[in-house]
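> Take the sequence shown: its letters are residues 48 to 241, numbered as in my numbering.
Glycine included, every Cβ here is placed at the ideal spot set by N, Cα and C.
My questions will all concern the structure given below.
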Amino acid sequence: PAHRIDTPDKAIGKTVYGIDVLRPGTRFATFMASPVIGGKVAQVDPAPALAQPGVRQVVVLDDLVAVVADNTWAAQQGLAALSIEWADGANAALGQAQLWADIEKAAQGPGVTAQKEGDALARLGTGTLFEASYELPFLAHTPMEPLNCTVHVHDGAGAGLLPDGGGQGARHRPLQGDDQQPHHRRRLRSPAGS
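Structural data, given as structure tokens:
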């Protein structure tokens, strides 16, 4: 078997992760996304966040509110000071019980054959069949490195470091500026941790 060449550096703390990147003049942001998939921001007053020392800006998008500040603590305190009202939308009542019911209902219908080799049904008929059902609740993906992104915008071009594990997809999405227009020149790089 091949040995991983990155393990020694990770073991001694030499590896640089995305969250380790710090450029001069960096601003920090934290955000609250809608607690319901498909939900939208109904109302938020940015004043309580802007009153916090170090908070520079409150950004309100369709489904999230972000607070930009001089440091992480100020961004977190600014976000905590906000009272965000959400419009949950069509998924407001969606929960684990409903998901299980939908899965059970879908399982009663015909399946989809992804690949066929041999005759599985004939083989199942020749022996003892054991059946079991296992259910696990939805669990959020929790990476060791907190999700983060560092973006440097200069002369209309953006360069981003995005250690998200799905970096290939991120490379195809443009970085957007304050005007919500894509920066035409961009470079996304995934450091360690992705």
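Just the C-alpha distance for W120 and A76, rounded to the nearest angstrom, thanks.
For the pair W120 and A76, the Cα-to-Cα distance works out to about 10 Å.
> Which residues bound the alpha helix (DSSP H) around A144?
143-154
> In three-state terms, what does DSSP make of T62?
Assignment of T62 by DSSP, reduced to helix, strand and coil, places it in the coil class.
> Could you tell me if A122 is buried or exposed, where buried requires 16 or more neighbouring beta carbons within 10 angstroms of its beta carbon?
buried
> Indicate whether the contact test is met: 3 or more Cβ pairs, each with one atom in the region 98-111 and one in the region 149-166, closer than 8 Å.
Judged by pairs of C-beta atoms under 8 Å, the region 98-111 does not touch the region 149-166, as fewer than three such pairs exist.
> Hey, is the region 59-68 in contact with the region 79-86, meaning 3+ C-beta pairs nearer than 8 Å?
no
> Given a cut-off of 8 Å on the beta-carbon distance, is the pair V91 and I52 in contact?
no
> Counting along the chain, where does the beta strand (DSSP E) carrying T77 start and finish?
75-80
> In whole angstroms, what separates the C-alpha of G203 from that of G72?
17 Å
> Might you give, ordered along the chain, the residues of its own chain that have their beta carbon closer than 8 Å to the beta carbon of F185, omitting 5 neighbours on each side?
Q143, L146
> Answer with buried or exposed for Q99, where buried requires no fewer than 16 other C-beta atoms within 10 angstroms of its C-beta.
buried
> What are the complete alpha helix (DSSP H) segments, minimum 4 residues, inside the region 79-143?
94-97, 119-127
> How would you label A96, buried or exposed, when you count the other beta carbons within 10 angstroms and need 16 or more for buried?
A residue is called buried when at least 16 other Cβ atoms come within 10 angstroms of its Cβ; A96 meets this threshold and is buried.
> Grab me the residues of V115's own chain with a C-beta within less than 8 Å of its C-beta, minus the 5 sequence neighbours each way, in chain order.
Closer than 8 Å at Cβ, skipping near neighbours: R74, F75, A76, V102, R103, Q104, V105, V106, A122.
> Going by Cα to Cα distance, which pick from T175, L208, E192, G205 is closest to K57?
Checked all of T175, L208, E192, G205; the closest Cα to K57 is E192.
> If you run the structure through DSSP and keep just helix, strand and coil, what is A204?
If DSSP states are grouped into helix, strand and coil, A204 belongs with the strands.
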